[in-house]
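Undergrad:
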Amino acid sequence: MPDFLRFRRFSFFFAVALLGTLLLAAPSAHAQGKRKIVQFTGIVASGDSLLGVPGASIYVPRAGRGTSSNAYGYFSMAVLAGDSIVIRSLGYANQTIIIPADYQRLSYSVVVQLVEDATVLPEVRVFPYTTERDFKKAFLALRLPTEKGSAAADNLNEELMNRIFRTQPMGAVANFRQTMQNQQYNQDVRAGFGPSVYANNPLINPFSWLKLVQQVKNGEFKKKYNDD
């Protein structure tokens, strides 16, 4: 048999074998590519307290789909068997749940207990300048206000302060203090300890009359007359 015919026969059998292999593998590949849809539900809780974590993100990174938990931490979303689902929330460590590839049931329910993870975020400073060059330019052009002519200097003007002092009404504390002082003054006057018109008038003061009588008996007025 010529080599040419032998080569053609070999190529024919090889093509038939390859086609048969592809036909047998197609149903298997189709079965593998069609994964089962599973309804993934659960509650995202905070540690051992079982208090729901609202607003937690539940998503499949590879598929780019996901959902978030409600106010009670409950969530529900459709996934495929074999998916890896990530549950994350601010202040907690991420958790990953994998749906088994051979999972045959229609739903998959879990209770996810997140563990607190206190992460210190780096400091962020916000400036109203797009570049450092603009910041330096604005800083060099900055002109600080002087005390003269400023609103603070006008408010501390001596004449204005005196006017405010003279016209400002008394507050509750000042009114109370003045009322107490007036009451104490009236009590002292009635008791004879405080200054009054009657106490300062020597004509109605018995002690003044007693002193005058003693001076007359001692002749003090005669001595003053003789000296003059």
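Mapping of the sequence shown onto mature numbering (1 follows the signal peptide of the UniProt record, and there is no 0): residues -31 to -1, 1 to 197, in sequence order.
The beta carbon of each residue, even a glycine, is placed where N, CA and C say it ideally should be.
Computed from a prediction, not measured in an experiment: that's the story for all the values here.
#1: Hey, out of T36, Y43, A50, V89, whose CA is closest to L19's CA?
#2: Going by beta carbon distance, what residues of the same chain come within less than 7 Å of A(-3), once the five residues before and after it are set aside?
#3: Figure out for me which residue from Q82, Q8, G35, T88 has the closest Cα to the Cα of A50.
#4: Residues bridged to S53 by DSSP?
#5: CB L90 to CB Y61, shorter than 8 Å?
#6: Since I believe V55 is in contact with P30 (beta carbons under 8 Å), could you give me their beta-carbon distance rounded to a whole number of angstroms?
#7: S15 and S26: beta carbons closer than 8 Å?
#8: Just how far apart, CA to CA, sit M149 and Q156?
#9: Starting from S76, trace the beta strand (DSSP E) in both directions and tell me its first and last residue.
#10: Quick one: is I68 buried, meaning 16 or more other Cβ sit within 10 Å of its Cβ, or exposed?
#11: Near F(-28), what residues of its chain come up, given a Cβ to Cβ distance below 6 Å and the 5 sequence neighbours on each side ignored?
#12: Can you name the residues that DSSP bridges to G11?
#13: CA-CA distance, S78 and D52?
#14: Going by alpha carbons, who is nearest to V13 out of K5, I66, R4, V48?
TA: Concretely, from the data shown:
#1: Y43
#2: Note that A(-3) scores a pLDDT of 41, beneath 50, so its modelled location is shaky; the value from the coordinates is reported in the next line. Nothing listed; no residue qualifies.
#3: Q8
#4: I67
#5: no
#6: 6 Å
#7: no
#8: 11 Å
#9: 76 to 83
#10: buried
#11: With a pLDDT of 48 at F(-28), under the threshold of 50, the predicted position of this residue should be treated as unreliable, and no value is reported.
#12: F44, V79
#13: 14 Å
#14: I66
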